[in-house]
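Worksheet: the structure to be examined is printed underneath.
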Amino acid sequence: MSLGRFRENNRMTERLAESIRNGRVFHAYIIEGDRLADKEGFALEFCKAIVCQKAPGLGCDSCPACRKLEHGNYEDLHMVEADGMSVKDEQIEELQEKLRRKPFGERNLAIIKDADTMTARAQNRLLKTLEEPYGAAVIMLLSENTENLLATIRSRCVTYRLADEKTTAEMPGTEAAEAIFGALAEGAGFASLKSLLAEKMKSREDAFALLDGLERIYEALLTEKDERYRLYRKEKIMRSIELIEEARRDLLAKVNYQYALKNLLIKIGGTQW
Ligand SMILES: [Zn+2]
-3 MSLGRFRENN RMTERLAESI RNGRVFHAYI IEGDRLADKE GFALEFCKAI VCQKAPGLGC
57 DSCPACRKLE HGNYEDLHMV EADGMSVKDE QIEELQEKLR RKPFGERNLA IIKDADTMTA
117 RAQNRLLKTL EEPYGAAVIM LLSENTENLL ATIRSRCVTY RLADEKTTAE MPGTEAAEAI
177 FGALAEGAGF ASLKSLLAEK MKSREDAFAL LDGLERIYEA LLTEKDERYR LYRKEKIMRS
237 IELIEEARRD LLAKVNYQYA LKNLLIKIGG TQW
């Protein structure tokens, strides 16, 4: 699905993608978000974006590295999670040993879940690693409450805050996506789709939101949560989702947003007409 699936965080994923492409990967990140936010999912997509050779900065989901990360058997990824109520000193010690070893690929990666439950000793131990990172290793700390982390740890990490979940109707792009989807369903011609697009989309930000909105609609059709699913063949719905993902990749790769969206509507229209 790539980093793009974190729809509420487009601006953030765009920045991340750019820093990875420019070879500016930092050695430690805090990924903060509330209990419901999919911090682990985000961290995994982030790992793919870092190691993927096919789509650097994004992750392709099809190369061996991306697939292994998806299936939890990537050799260079080391995971730590709370043992009972907290992440303990010994766990960090064990992690440090693993990070010291030469990776199979270019770098070791570590995800520390429940990082805000680390004991004081564990935090102090980790701090040493943050002060003197091992080679190209990247450590991601997943946290609900970053206040529980030592200020000295926080200051050595780049922090990303995952946006809170919103209801579909509140999400930006929902209204525009419904209008476009409706027009597609009615078999509107390209000229009227183009003018609808011009009306609903004034910026790159709008373009991302519109893609998100469209993808939510097609996903609801795919999972049959949206009654309109009966009107479409499953393959058409799946193809439309692929095309939306493709358009999102184009946007992340800095393709002109109007061009990317027009191109999408031509193709998606083609799957329906
Ligand atoms: Zn890949």
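Heads up: the sequence shown at position 152 corresponds to 148 in our numbering, and the numbers run straight through without jumps. Just so you know, even glycine gets a beta-carbon here, dropped at the ideal spot from N, CA and C. Note that the coordinates shown come from a computational prediction; the quantities given were computed from them, not determined experimentally.
N-terminal and C-terminal residue of the alpha helix (DSSP H) that residue i is part of
| i | result |
| --- | --- |
| residue 147 | 147 to 150 |
| residue 156 | Note, residue 156: premise wrong, no alpha helix (DSSP H); beta strand (DSSP E) at 154 to 157. |
| residue 8 | 6 to 17 |
| residue 191 | 186 to 196 |
| residue 236 | 230 to 248 |
Contact under 8 Å by Cβ, residue i with residue j
| i | j | result |
| --- | --- | --- |
| residue 145 | residue 139 | yes |
| residue 130 | residue 96 | yes |
| residue 117 | residue 79 | no |
| residue 224 | residue 218 | no |
| residue 17 | residue 53 | yes |
| residue 43 | residue 12 | no |
| residue 149 | residue 126 | yes |
| residue 82 | residue 113 | yes |
| residue 39 | residue -1 | no |
| residue 248 | residue 10 | yes |
| residue 26 | residue 142 | yes |
| residue 167 | residue 257 | no |
| residue 51 | residue 153 | no |
| residue 36 | residue 94 | no |
| residue 255 | residue 200 | no |
Close-in-space but distant-in-sequence residues of the same chain around residue i (CB under 8 Å, 5 per side omitted)
| i | result |
| --- | --- |
| residue 213 | 173, 174, 177, 222 |
| residue 243 | 207, 256, 257, 259, 260 |
Cβ neighbours of residue i in the same chain (closer than 7 Å, five flanking residues each side left out)
| i | result |
| --- | --- |
| residue 91 | 74, 76, 106 |
| residue 234 | 218 |
| residue 8 | 156 |
| residue 5 | 158, 159 |
| residue 22 | 154 |
Coarse secondary structure for residue i, derived from DSSP in three states
| i | result |
| --- | --- |
| residue 32 | coil |
| residue 73 | strand |
| residue 57 | coil |
| residue 112 | helix |
| residue 85 | helix |
| residue 208 | helix |
| residue 202 | helix |
| residue 130 | coil |
| residue 45 | helix |
| residue 118 | helix |
| residue 78 | coil |
| residue 216 | helix |
| residue 106 | strand |
| residue 24 | strand |
| residue 269 | Only weak support exists for where residue 269 lies, its pLDDT of 44 falling under 50; the value from the coordinates is given anyway. If DSSP states are grouped into helix, strand and coil, residue 269 belongs with coil. |
| residue 97 | coil |
| residue 252 | coil |
| residue 221 | coil |
| residue 37 | helix |
| residue 51 | coil |
Enclosing beta strand (DSSP E) for residue i [first to last residue]
| i | result |
| --- | --- |
| residue 172 | Note, residue 172: premise wrong, no beta strand (DSSP E); alpha helix (DSSP H) at 170 to 181. |
| residue 136 | 134 to 139 |
Own chain, CB closer than 6 Å to residue i, minus 5 neighbours either side, in chain order
| i | result |
| --- | --- |
| residue 88 | 118, 121, 122 |
| residue 99 | 72 |
| residue 328 | The first residue shown for the chain is -3 and the last is 269, placing residue 328 beyond what the model contains. |
| residue 2 | 9, 38 |
| residue 111 | 137, 138, 139 |
- Query: Taking contact to mean at least 3 C-beta pairs separated by less than 8 Å, is the segment 101 to 110 in contact with the segment 128 to 139?
  - Reply: Contact annotation: the segment 101 to 110 touches the segment 128 to 139, with at least three C-beta pairs closer than 8 Å.
- Task: Could you tell me whether the segment 202 to 220 touches the segment 165 to 176, using the rule of 3 or more Cβ pairs below 8 Å?
- Result: With a cut-off of 8 Å, the segment 165 to 176 and the segment 202 to 220 count as touching, because enough Cβ pairs lie within range.
- Is the segment 150 to 161 in contact with the segment 12 to 32, if contact means three or more CB pairs nearer than 8 Å? Contact holds: three or more Cβ-Cβ distances are below 8 Å.
- Query: Are the segment 188 to 195 and the segment 46 to 61 touching by the rule of at least three beta carbon pairs closer than 8 Å?
  - Reply: A contact is defined here as three or more CB-CB pairs under 8 Å, and the segment 188 to 195 fails this definition with respect to the segment 46 to 61.
- Query: Between the segment 257 to 265 and the segment 236 to 248, do at least 3 Cβ pairs fall closer than 8 Å?
  - Reply: Taking 8 Å as the limit for Cβ pairs, the verdict is that the segment 236 to 248 does touch the segment 257 to 265.
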